[in-house]
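First residue of the sequence shown? That's 146 in our numbering, and the numbers climb one at a time after it.
Note that CB positions come from ideal geometry on N, CA and C, so glycine has one too.
Data block below; observations after.
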Amino acid sequence: ARYRLRKDNRLLDAAAFGRVFEKATRSRDKCFTVLCRSNDREAARLGLAISKKQCKKASARNRLKRLIRESFRHHQQELAGLDIVVMNKAAATEENNAQLLGSLEKHWHNCSTARQE
146 ARYRLRKDNR LLDAAAFGRV FEKATRSRDK CFTVLCRSND REAARLGLAI
196 SKKQCKKASA RNRLKRLIRE SFRHHQQELA GLDIVVMNKA AATEENNAQL
246 LGSLEKHWHN CSTARQE
């Protein structure tokens with residue numbers, strides 16, 4: 146319960162998503178595209194853009210969202226002060242959980258180092 150994902154750790158409206166899409170640092174691999182931009186808050190905020198076109202089955206989309214949220218929850222301390230949007234690619238549905246979590250680890254690292262530059 147130490148790293149709960151609360152409402153203030155989520156991007157909730159179109160304006161917040163638009164702000165990230167407008168001017169973001171991108172990190173890409175075969176599973177995800179991650180956009181990050183610094184915010185004026187102390188907390189990191191996560192937005193999910195999981196495409197039905199890339200991931201047909203609802204159960205697979207829900208699995209991706211669960212994994213992304215869980216990984217973000219564990220890394221939110223090092224991502225403090227960032228707004229992050231995660232978008233899936235079709236290859237994400239074929240990967241196992243360990244591979245997806247490894248991919249997200251790299252993206253979180255890229256976002257935190259991009260912020261420090």
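Assigned exposure category for residue i - 16 Cβ within 10 Å defines buried
i	result
Gln-221	buried
Asp-228	buried
Leu-157	exposed
Unbroken beta strand (DSSP E) run spanning residue i, endpoints
i	result
Ala-189	From DSSP, Ala-189 is part of no beta strand (DSSP E); its letter is neither H nor E.
With contact counted as at least three CB pairs below 8 Å, one residue from each stretch, are the region 197-212 and the region 156-171 in contact?
Contact between the region 197-212 and the region 156-171 is not established, with fewer than three Cβ pairs separated by less than 8 Å.
For a minimum of 4 consecutive residues, which ranges assigned as the alpha helix (DSSP H) are wholly contained in the region 153-236?
Restricted to the region 153-236, the alpha helix (DSSP H) segments that are unbroken, complete and at least 4 residues in length are 159-167 and 203-220, listed in chain order.
On the three-pair Cβ rule with 8 Å, is the region 191-200 touching the region 244-261?
With the cut-off at 8 Å, the region 191-200 and the region 244-261 do not touch.
Report yes or no: do the region 170-186 and the region 237-250 share at least 3 C-beta pairs separated by less than 8 Å?
Yes, the region 170-186 is in contact with the region 237-250.
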